[in-house]
Structures are given as C-alpha cells and as structure tokens.
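>
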C-alpha cells in the first residue's frame, strides 16, 4: 500500500449539497427574464437599454469596490439581480442617468458600505429607487402607457391616472382588471404584468428559493385592509380589492423584494411578523400617504425593523420549556 | 403506526443520492477479519479513564479484561484476540491526538478458550462486565443508562436502526443477520427497566432489514417495527424520540427522562450476547466503502487498524484524498492509517479526489436554509456570524451548546460555509469558559 498519501483533515460534515449562491441568483434572473422581455414589448426598446445600463453600472461598481478593498471578486450574479430589480422600479421614460445613479447608490452605499453580500440591512434595489424618488420626484412618477408591440423607440409619457389613482373615484370594470392582470396598464417598467410575476413566484417557490409565507401574508393583509378602507364608509367592492392586489408594484414587491434574504428576518415567525408589518404599512401609505403607492417604502421601513425582530424573537430550541405559543421564545 | 415528522432535517440532494448508489455495498454474507495484531486503546467510552491491568509480555485470551476503572461511568476494555501483549505505546487517536494502547500479537493456541463472563451475575452486571457502551457513536456506558434515577418510569424501549448516515450499512447488515439477537437485547432491556413496549425504527431504504426484523418481531409481544422516512438526521436520538413518541428530551438532562430508553441495534445485539452467551464486547460490524476495490461490511476485532481493513478490501481506488471514520455527515477525518478502530467505529469511508467535493466558502447570504433544517431549531447563520466576530456571549444566548453536530446546516448552505464546525467550536469554548468560571468560584 502506498504510504505516502496526503490526507485532508477537515471538520465534519464531509458531504455538501448541490445548491450554491450562484445557482440561486441564476434562477432569480431566469424568472425575471420574461418580465424584462415583456416590459420591452409593452414600453419600447428603450427599456432594454435602461436594463443594460443598470447591469453594467452595478457590475462595474462591484468589481471596482472589490479592487479597492483588495478582496477576491467572486462572480455571484447578485449585483445583476439588484440592477434588474432596481430598473424594474423605474418609469419607462426614465433618462439614462437614472439607472446609473440608482445602481451606484444601491451597490456602493446600500450594499457594500454595510459589508457586501448578505450584510445589507436594506434591500439595495429599493434603496436605489428611494434615492431617485428623493432626487427626481416628478420624473419618477411620470406614467407611460403600454403601446405594444415594442412601441416606438422611447415610451410616451401620458397624464392618465394609474389604476390605483383611478380607484379612488371609480370602480374598475372587469375588462380593466383583466388588462391590469396581463400588464396592459400604466406603471413602472417591471410591475405591470401580474401574470408573469405570479408565474415567476411559483417557479421560485418550486425551486425552493423563496417561500410563500411572506408574499401570502403581505397579500392577505393588503386584501383585508383594502376591503376595509377602500370603500366610502363601507366595505369596498371586490373589483377595488382585486385592483389593489394587482396595482402599483405590490406583487413585484411581495415576490421579489420582501423575500430578499439579507434584509428579512432569520426565523419563520420573524418573517411572518415582518410580512404583516409590510402589509399594514402598504395600507397606511396607500390610503393616508402622500402618493397612492407605498410598497417600496413599506418594505424599506420593515427592513429597518428586521434586526429588532431578530434580536427579540427566537425559536424554542428542542427540549426547551414552552412559554409562548407557536414555538417562540423572547430573548432578553 | 402513525409517525410524526421531526422538525428540521432534509432530504439528500441528487449528487449525494448518486454517490449513495455508487458507494452501495453489494455482498451476500458478512466477512470476518482476523488480524495478526491488534492495537487496543484503553479508553473507548465517555466517562472516567480506565487503568491498564496487563503488562508487556502477558498472555491474554480473547474476552479477557485488559483495562478497567472502578468509577461507575466507565466501560471495561477487553482483548479481542488471544495472544501476547507485545507493547504498550502511544498510537494515533481520532482528531489528530495520541492515545495509549496495548499492542497484542496473535498467538494461535488450542488450549485457551475464550474467557467468558461469570454466569451468576445479574443481567445488568453482565452488561457492565462485557464493557458495552453506546455503539451508535456516543460510547456512553450502557449499564449506566440501564440504571436511571428512581423517579423515571421507562415505558418504551426504542431500538435505533435508522442508520441515517449515507453509505454506512453496518446496522443494515446486522439487522438482516442477527434480528433475533437484537430483539432479545431489547427484551433484556425491557426486563431490566420494567418497560412495556419495544419499538424498532428503521429507515425505509433498508427493505431487507425491515423484513428480517418484522419477521423476528412477530414472536415477541408488544414489539413493533416502524418504517421511517429517509430524512437526515432521522437516527439522532432526539429526532427518533420526536418521530416515534412526540417526545422531546429535556435540554439539560437525559433522554431517558422522557420515559423512553433508546439504544442502537448494535448495542442491543451486544447486550444479548453478553447476557445470553456471556461474551464480552470484542467485535463489531464496520462498513468499509467508497473508493476501495471491494467495499464491504466486515465483522472485525476491536483494535484492528484502518490500514489492515483497507488492505483486506483490496486497497484504494485512485489516490485517496479524504478518509472518514464514521459517517460522512458526522464522522471525523482520518489522517493516519495506523489508527485503531474501536467500539465507536461503524464505518470507514474513502473519498478519492474525484469524489471529494469541498467548494470554497463565500459570504453568507442569510437565506435561512440552515435555520430551516436545524433539527434542534438553532439559528446556525447567526451563531456562525457571532462566533466569527468573537462574540461568544451571543453564541451562548443563541444556545450554541444545544448543537448536536449533525451537519445539516453545512450541507444545505449555498455559500458552502462550514457552520457546523464553527458552532461546535463555539459550543466547546462556551463550555470551557463556564467550567473555568465555576472553578474560579
């Protein structure tokens, strides 16, 4: 027998699963791809350019940051996911520098300043958008209407009310709800086509990348909230409730933003509280806020509550005395 | 019987399942290995250290005690072959350290029969005399476990045949071959503890073992074989209790406080042999598999060295890069092939370079998969983070000491961080700190 063999010393376990960070990011991008494609179909070729600018900027920022810090760069696709999600939150008529500013802020300030991948306490895509809203409030709320197929080069800006604004005064017809569902309505680049977002969420759930409790609780809370508060002194008609679910980036936020790993709590119980908080805040922002929308700010606000949730809630360890229901333990 | 799924755990990914198929042991009968020389470490249990009672030059017969301790929590060590003590020296131990062992050279002799345990002893004392410890890997002395505090009323004897570690098939073959004796061991434990029922938990991927055990269980009243899902870590004591009885063993206490006495099937077999046939624990089954020429389950005398068994299996296939003692999820890596196998050994797995799949670590993305699979419901990602930033206080608050080191968190981690390793380190450092504090008082 060969005596000169070099044997590794390693801690157990000696087996590893198949999932990798890159695989997860890859699947998020795959599910986002149809939404990107349909956005160009609705709003024109120009939005593809916006996506491209954002992706290049984000990836460059990350490479340069790693160079400056002399860290080893790993090609994990996370910057691309951030860039794509940030662009989906822009209006189709956004000038070229919107994605640049948004991506730089998202990657450098929101993500890398706090330690990079996994350490950001805010969702970087939404952080980038929040800055843009602060800087260019007027332009960020310009609305374009779909003009398929592939419109002209750049989308027209119209002064029509979005379904969310429309619902304040009238009840949507069934035909309009169908249009909302399929995406033939005014809105941001990636938020209009509810059908594709739902399909994407389903694929991500099947791939075990997201779990459904966060989107489910957010949507349920918004449904109940809309039913209570959208009507004039009574319960709202079902069309309005459905309209609230389909409108204003709620689905995009619930499926892709609220489920962001780094900025959501560690435990399932914590995630449920977090999702409920998001749902309640969306209702507050939509009915009493300055604009009709508020999904992104609701998520950003609850991102800030995540460390607190993680600090006070933990799971009851196997064999520990039960004190609270649902297997929760409060930590001092 | 309706079973309850334990919390956490996971099903192996397709790459592991492929490897499982590749590493499967195909054999009809158990091989018996008889080495010329054995190296028997004095301490093969958890508890008080043993003292050697033989010296160099002594002639010993198989089954004779060579090291023991008068302390209650200890397990006698016997010689596993007949021969002469030729040396007492330091030999490699698992984890890289050294341990003292007696080297015994085999001398063929017809005059010396196996030395047997005294017939007139009670069952419990026979178990102690046979040096039986938990053979599932814990190596806690079984006679101590058979003698719980007075207020504990044991209702159920659980025989653990889950064998959830992939590749290992030692218990599987033992159950196929020795089903009657295993159940007899369960019955002896039931008599000692005045318990009511016997449950045998076996994972579904061992149909032959299940059939054999079911067949044998028919003759015994109140004895049931329960098929368990192939979910890791089904064979953990706490997980088995949760699955079969919906019981949780208390965090700071013994599992027997739940009213169930859990032992590995190999331990039950050893109990039956010690009580009925007065044999000491000198042999056990081990699976030698992975990248060796003829992988197989072997019945070997304790103290056999790894290199002898690998030679017996025809040597390595390719260049070995990692050899594991025990299962691939919880086993420790072997660095010296002269390591002797002990009561805790149930498998040796050889990975050559093609099958050694460690990827570099990347940052934690806080995906919470480790939290979901942790069978004791810890938050591995947060403990890992706290430990790496030197915050032992937070590790303690997150109950890092409750970790059972099953390795689930590391397995599912997409960032390939070895969370199980850092938590184990955190746990041992916290325990050391607490002990130091208590000593200071």
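Chains as they are written, first to last, in the UniProt record's numbering: chain A, 1 to 332; chain B, 1 to 441. For every residue, glycine included, the Cβ atom is placed at its ideal position computed from N, Cα and C. Just so it is clear, the structure is predicted and the values come from calculations on it, not from any experiment.
1) Between residue 81 of chain B and residue 136 of chain B, what straight-line distance do the alpha-carbon atoms span, to the nearest angstrom?
2) Along chain A, in chain order, which residues have C-beta atoms closer than 7 angstroms to that of residue 365 of chain B?
3) Under a CB-based cut-off of 8 angstroms, is residue 170 of chain A close to chain B?
4) Given that a residue counts as buried once 16 or more other Cβ atoms are within 10 Å of its Cβ, and exposed if not, what is residue 97 of chain A?
5) Given a limit of 9 angstroms on CB to CB distance, which residues of the segment 176-191 of chain A reach chain B?
6) Put residue 96 of chain B into one of helix, strand or coil per three-state DSSP.
7) Does the count of Cβ pairs from the segment 350-362 of chain B and the segment 397-411 of chain B closer than 8 angstroms reach three?
8) Starting from residue 290 of chain B, follow the beta strand (DSSP E) in both directions and report where the run begins and ends.
9) For residue 31 of chain B, name the three-state secondary structure that DSSP assigns.
10) Listed in chain order, which residues of the segment 308-329 of chain A have Cβ atoms closer than 9 angstroms to some Cβ of chain B?
11) I'd like to check one pair, residue 174 of chain B with residue 201 of chain B: are the Cβ atoms closer than 8 angstroms?
12) Distance, Cα to Cα, residue 138 of chain B vs residue 230 of chain B?
13) Any chance the segment 335-347 of chain B sits against the segment 89-99 of chain B, with 3 or more Cβ pairs inside 8 angstroms?
14) Can you list, in chain order, the residues of its chain whose CB lies under 6 angstroms from that of residue 422 of chain B, leaving out five sequence neighbours each side?
15) Classify residue 285 of chain B as buried or exposed, calling it buried when 16 or more other Cβ atoms lie within 10 Å of its own Cβ.
16) At least one CB of chain A closer than 8 angstroms to the CB of residue 421 of chain B: is that the case?
17) Given 8 angstroms as the limit, is there contact between the segment 24-39 of chain B and the segment 253-272 of chain B, that is, 3 or more CB pairs closer than that?
18) Given this structure, state the Cα-to-Cα distance separating residue 52 of chain A from residue 196 of chain A, to the nearest angstrom.
19) If we cut at 8 angstroms on Cβ distances, does residue 169 of chain B have a partner in chain A?
20) Would you call the CB atoms of residue 309 of chain A and residue 273 of chain A closer than 8 angstroms?
21) Report yes if the CB atom of residue 351 of chain A is closer than 8 angstroms to the CB atom of residue 312 of chain B, and no otherwise.
22) Along the chain, where does the alpha helix (DSSP H) that runs through residue 209 of chain A open and close?
23) If you measure between the beta carbons of residue 54 of chain A and residue 94 of chain A, is that distance less than 8 angstroms?
24) Whole angstroms is fine: what's the gap from residue 2 of chain A's alpha carbon to residue 315 of chain A's?
25) By DSSP, does residue 238 of chain B sit in helix, in strand, or in coil?
26) Can you tell me the Cβ-Cβ gap for residue 92 of chain A and residue 47 of chain A, rounded? I've got them flagged as a contact below 8 angstroms.
27) Just curious, the alpha helix (DSSP H) that residue 280 of chain A is in, first and last residue?
28) Where in the segment 117-203 of chain B do unbroken runs of the beta strand (DSSP E), each at least 3 residues long, occur, reported from the N-terminal end onward?
29) Report yes if the C-beta distance between residue 186 of chain B and residue 268 of chain B is below 8 angstroms; otherwise report no.
30) Is residue 379 of chain B closer than 8 angstroms to residue 266 of chain A when the C-beta atoms are compared?
31) Quick one: list the residues of chain A neighbouring residue 379 of chain B, beta-carbon separation under 9 angstroms, in chain order.
32) Residues of chain A with CB under 8 angstroms from residue 304 of chain B, in chain order?
33) What does a CB cutoff of less than 8 angstroms around residue 25 of chain A pick up in its chain, not counting 5 residues either side in sequence?
34) Please list the segments of the beta strand (DSSP E) lying wholly inside the segment 55-136 of chain A, counting only runs of 3 or more residues, in order along the chain.
35) Kindly indicate if chain A contains any beta-carbon less than 8 angstroms away from that of residue 332 of chain B.
36) Note down, in chain order, each residue of its chain lying with its Cβ closer than 8 angstroms to the Cβ of residue 177 of chain A, except the 5 sequence neighbours on either side.
Here's the rundown:
1) 23 angstroms
2) 21, 117, 118, 261 and 262
3) no
4) exposed
5) none
6) coil
7) no
8) 283-290
9) strand
10) 310, 314, 315, 316, 317, 318, 319, 320, 321 and 327
11) no
12) 22 angstroms
13) Touching, per the Cβ criterion.
14) 384 and 387
15) buried
16) yes
17) Taking a cut-off of 8 angstroms on C-beta distances, the segment 24-39 of chain B does not touch the segment 253-272 of chain B, as fewer than three cross pairs fall below it.
18) 21 angstroms
19) no
20) yes
21) The structure shown does not extend to residue 351 of chain A, since chain A spans only 1 to 332, so no value can be given for it.
22) Per DSSP, residue 209 of chain A belongs to no alpha helix (DSSP H) and is neither H nor E.
23) no
24) A caution first: residue 2 of chain A carries a pLDDT of 47, below 50, which makes its placement in the model too unreliable to give a value.
25) helix
26) 5 angstroms
27) 268-288
28) 156-161 and 197-203
29) Yes.
30) yes
31) 266, 267, 310, 314 and 315
32) Per Cβ cutoff of 8 angstroms: no residues; residue 304 of chain B is ~15 angstroms from chain A at best.
33) 76, 77, 78, 80 and 81
34) Within the segment 55-136 of chain A, not a single complete beta strand (DSSP E) segment reaches 3 residues in length.
35) yes
36) 239, 242, 243 and 246
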